[in-house]
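Residue numbers (my numbering), protein chains in the order written: chain A, 2 to 340; chain B, 2 to 340.
Ideal Cβ positions, reconstructed from N, Cα and C, are used throughout, including at glycine.
Notes for the one structure printed next.
Number of protein chains: 2
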Amino acid sequence: MPSSNRRVTQQDIARMTGVSQTTVSIVLNERDDAAVRIAPETRERVLQAIRRTGYVADPIARRLAAQRNRFLGVFTYEPVFPAGLGDFYHPFLVGIEECAESIGCDLLLFTSAPVIDGRRRIFSQDNRLRLADGCILLGRWLDPQELSRLIAEGQAFVSVGRRDDAGGPVPYVGADYPTATAAQVRKAAELGHRRIAYVGEGAGPESHADRYRGFTSAVAEAGITGVRLRYTDGVLDDLREQGCTAVFVEEFADGAVLAAEAGRRGLRVPEDLSFVALGDPTRPASTDLDFTGYRIPRRAMGWQAVEVLSAILDGTGGETQRLLPCEPVAGATLAVARA
Amino acid sequence: MPSSNRRVTQQDIARMTGVSQTTVSIVLNERDDAAVRIAPETRERVLQAIRRTGYVADPIARRLAAQRNRFLGVFTYEPVFPAGLGDFYHPFLVGIEECAESIGCDLLLFTSAPVIDGRRRIFSQDNRLRLADGCILLGRWLDPQELSRLIAEGQAFVSVGRRDDAGGPVPYVGADYPTATAAQVRKAAELGHRRIAYVGEGAGPESHADRYRGFTSAVAEAGITGVRLRYTDGVLDDLREQGCTAVFVEEFADGAVLAAEAGRRGLRVPEDLSFVALGDPTRPASTDLDFTGYRIPRRAMGWQAVEVLSAILDGTGGETQRLLPCEPVAGATLAVARA
DNA sequence: CACGTTTGTTAATACGCATTAGCGGCGTAA
DNA sequence: TTACGCCGCTAATGCGTATTAACAAACGTG
Numbered sequence: 002m003p004s005s006n007r008r009v010t011q012q013d014i015a016r017m018t019g020v021s022q023t024t025v026s027i028v029l030n031e032r033d034d035a036a037v038r039i040a041p042e043t044r045e046r047v048l049q050a051i052r053r054t055g056y057v058a059d060p061i062a063r064r065l066a067a068q069r070n071r072f073l074g075v076f077t078y079e080p081v082f083p084a085g086l087g088d089f090y091h092p093f094l095v096g097i098e099e100c101a102e103s104i105g106c107d108l109l110l111f112t113s114a115p116v117i118d119g120r121r122r123i124f125s126q127d128n129r130l131r132l133a134d135g136c137i138l139l140g141r142w143l144d145p146q147e148l149s150r151l152i153a154e155g156q157a158f159v160s161v162g163r164r165d166d167a168g169g170p171v172p173y174v175g176a177d178y179p180t181a182t183a184a185q186v187r188k189a190a191e192l193g194h195r196r197i198a199y200v201g202e203g204a205g206p207e208s209h210a211d212r213y214r215g216f217t218s219a220v221a222e223a224g225i226t227g228v229r230l231r232y233t234d235g236v237l238d239d240l241r242e243q244g245c246t247a248v249f250v251e252e253f254a255d256g257a258v259l260a261a262e263a264g265r266r267g268l269r270v271p272e273d274l275s276f277v278a279l280g281d282p283t284r285p286a287s288t289d290l291d292f293t294g295y296r297i298p299r300r301a302m303g304w305q306a307v308e309v310l311s312a313i314l315d316g317t318g319g320e321t322q323r324l325l326p327c328e329p330v331a332g333a334t335l336a337v338a339r340a
Numbered sequence: 002m003p004s005s006n007r008r009v010t011q012q013d014i015a016r017m018t019g020v021s022q023t024t025v026s027i028v029l030n031e032r033d034d035a036a037v038r039i040a041p042e043t044r045e046r047v048l049q050a051i052r053r054t055g056y057v058a059d060p061i062a063r064r065l066a067a068q069r070n071r072f073l074g075v076f077t078y079e080p081v082f083p084a085g086l087g088d089f090y091h092p093f094l095v096g097i098e099e100c101a102e103s104i105g106c107d108l109l110l111f112t113s114a115p116v117i118d119g120r121r122r123i124f125s126q127d128n129r130l131r132l133a134d135g136c137i138l139l140g141r142w143l144d145p146q147e148l149s150r151l152i153a154e155g156q157a158f159v160s161v162g163r164r165d166d167a168g169g170p171v172p173y174v175g176a177d178y179p180t181a182t183a184a185q186v187r188k189a190a191e192l193g194h195r196r197i198a199y200v201g202e203g204a205g206p207e208s209h210a211d212r213y214r215g216f217t218s219a220v221a222e223a224g225i226t227g228v229r230l231r232y233t234d235g236v237l238d239d240l241r242e243q244g245c246t247a248v249f250v251e252e253f254a255d256g257a258v259l260a261a262e263a264g265r266r267g268l269r270v271p272e273d274l275s276f277v278a279l280g281d282p283t284r285p286a287s288t289d290l291d292f293t294g295y296r297i298p299r300r301a302m303g304w305q306a307v308e309v310l311s312a313i314l315d316g317t318g319g320e321t322q323r324l325l326p327c328e329p330v331a332g333a334t335l336a337v338a339r340a
């Protein structure tokens, strides 16, 4: 029982057992090279001292010397544990934690990342991502500058969510928004919708661009008309004027608000106006409608991101860019187009 | 723009500018001791080289030298990111993260802790808690054996939630259940309740024992009668038979079920039977009642736990056992006792 | 002009670990 | 008996930074 407060080191263990620090290191890492072998009884003595003292290797020193410490970093531009209730990121984290547990890694949350202009930064004084063997990057939008710098520096990382190239291909596990969105467009077309609206930005973060890309191409293919509108106060009027019979909302919460507003104006959903939500709510949204659309496979994305990262670290080859299918939700807000 | 793949180091900067590595370090850390000063023009030269190369200090080496890794461990017996929606632990984590961010520490989640008998263990192969400078322990119940071992080994840690001594005082930040519960009892007594029931275990985890302790002492003080009942199928009959006019539930979710059951039997809440919930739901609970009771200051508890831990690590003195007041919730389930 | 003093910088070292080259000792084959 | 190889272990070194003691040069000061 060491009462001193100092960390126990390999040197301490070595002195206790009358061997060298090297020997302790070798025993600890269970090295079994032909080059370096330790007698069973010596090994046992060392192991006992380790157990007795509760020694664990300093992860920092370990990483400095050997470039690995079995930590997986998680970087988010926003707080990892969001204060909001409508917790969009939570399922990703569940997947990440589950997979990390399965491969025996600890998770390091970079809460110390300095906040500049209201956002956390990867680079400033130092690049703390290096504290871990590899990192998972989470967030709707990742700073392309920081991204390309990570690539240039050869950092091991995987993004949750597809990312455009940034001076090189970015490893990611994303959701296949184009395919999922296109499927919804086809469904609408089959139900007789001839003019449908896309409400949202359709650009900016990859996830938005991807949705819109799927939308436009599917619309063209189905021979119908799609119009894009920003989410503003008057958007409901606009799209009605344009003769749209269905609304595809980029953001679930916006859809909830619009549908409620439509209801107040005496429009029945979906009989008079159909709604399709392109993904889960990223903000708290209250509605009693069962929205048609699709679900983002968040947990699977988190899990697989760790999987890909693990493969990268092991030097195992394999695809470093994965798109996972979204699960369609039948819902009750998409119906035959009004005559 | 160094094209080589190797990281830029202080040594590189030093060679570039014709100074020593020490000088670079000094400039970087903006040290301004009387002992160690750098001429303005030298400083500027170094800074330029740093800007030119985009050099950032290696956090690993930095922390190795500092003998502090600025990791705060977070240990939970259950997964850190619970899959369940009714997420009791979430607010604690929010507080922990916020405070960690404010003091510039990273959070280390012990996802690699082995799960034995369905629970994670602190001690098994090794004590992973030692990987961090200090740790936050989270969970309704902490294994007293593990706890006393932590104390014996001189581990720096703080428990979220009060803990009984375990071979020594346990540092904690807890909720003041006795006071909060007693206040509710007094309120009930003032409303004319003469026999009130406590439904729950009243023992086991400290948080349960504390509630019950507050209950019994307040009941005695108010000169009324309290009966403790386990949460079972027939508990509603039992407490009615015993003439109880108010039910204090240890566990919110149980209260929700009981109240619903009471409703089905034609009892109005609170006119015929009052309910008081002693804390927030630890399990998902569905009810449309606005329960009277109190709220556990979870976020503050998380925050202050980190604060206490930080003080322990810095050797700053200060109280290492804190009880925070719970916030009373007026609610609508406690009314004047039926005649 | 000899002697402190301040100024600017550096050599040396520590931090805790992993790795490599190599060193005695012993057994075995030539 | 020599030569070779194997076994069990260690000394030395490097990872990139922070810190301390010390040193040369310039600068007063009496």
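Residue i versus residue j - alpha carbon distance
i: residue 4 (chain A); j: residue 146 (chain B); result: Its pLDDT being 42, under 50, residue 4 (chain A) is placed unreliably by the model, and nothing is read from it.
i: residue 113 (chain B); j: residue 229 (chain B); result: 40 Å
i: residue 264 (chain A); j: residue 327 (chain A); result: 29 Å
i: residue 143 (chain B); j: residue 329 (chain B); result: 27 Å
i: residue 181 (chain A); j: residue 79 (chain A); result: 27 Å
i: residue 214 (chain B); j: residue 221 (chain B); result: 11 Å
i: residue 9 (chain A); j: residue 38 (chain B); result: 36 Å
i: residue 31 (chain B); j: residue 126 (chain A); result: 12 Å
i: residue 41 (chain A); j: residue 35 (chain B); result: 55 Å
i: residue 211 (chain B); j: residue 237 (chain B); result: 24 Å
i: residue 260 (chain A); j: residue 185 (chain A); result: 18 Å
i: residue 71 (chain A); j: residue 124 (chain B); result: 18 Å
i: residue 279 (chain A); j: residue 240 (chain A); result: 18 Å
i: residue 21 (chain A); j: residue 29 (chain A); result: 13 Å
i: residue 312 (chain A); j: residue 67 (chain A); result: 18 Å
i: residue 297 (chain A); j: residue 156 (chain A); result: 27 Å
C-beta atoms of residue i and residue j nearer than 8 Å
i: residue 270 (chain B); j: residue 200 (chain B); result: no
i: residue 192 (chain A); j: residue 309 (chain A); result: no
i: residue 276 (chain A); j: residue 334 (chain A); result: yes
i: residue 130 (chain B); j: residue 76 (chain B); result: yes
i: residue 246 (chain A); j: residue 290 (chain A); result: no
i: residue 57 (chain A); j: residue 132 (chain B); result: yes
i: residue 154 (chain A); j: residue 304 (chain A); result: no
i: residue 282 (chain B); j: residue 253 (chain B); result: yes
Interface flag, residue i vs chain A, CB-CB below 8 Å
i: residue 31 (chain B); result: no
i: residue 82 (chain B); result: yes
i: residue 138 (chain B); result: no
i: residue 127 (chain B); result: yes
i: residue 251 (chain B); result: no
i: residue 132 (chain B); result: yes
i: residue 262 (chain B); result: no
Amino acids of chain B, ordered along the chain, whose beta-carbon sits closer than 7 Å to that of residue i
i: residue 105 (chain A); result: 113
i: residue 65 (chain A); result: 61, 62, 65
Chain B contact residues for residue i, given Cβ-Cβ distances below 9 Å
i: residue 101 (chain A); result: 110, 112, 113
i: residue 124 (chain A); result: 55, 57
i: residue 95 (chain A); result: 80, 82, 83, 84
i: residue 98 (chain A); result: 80, 81, 82, 110, 112
Any C-beta of chain B under 8 Å from that of residue i
i: residue 330 (chain A); result: no
i: residue 268 (chain A); result: no
i: residue 309 (chain A); result: no
i: residue 91 (chain A); result: yes
i: residue 200 (chain A); result: no
Where residue i meets chain B, residues with beta-carbon distance less than 8 Å
i: residue 71 (chain A); result: 113
Checklist line | Short-range partners of chain B found in the stretch 37 to 63 of chain A, where Cβ spacing is below 7 Å | finding: 55, 57, 60, 61, 62
Margin query: Residues of the stretch 160 to 188 of chain A in Cβ contact with chain B at a cutoff of 8 Å, in chain order, please.
Written below: none
Checklist line | Residues within the stretch 142 to 159 of chain B neighbouring chain A, beta-carbon criterion of under 7 Å | finding: 153, 154, 155
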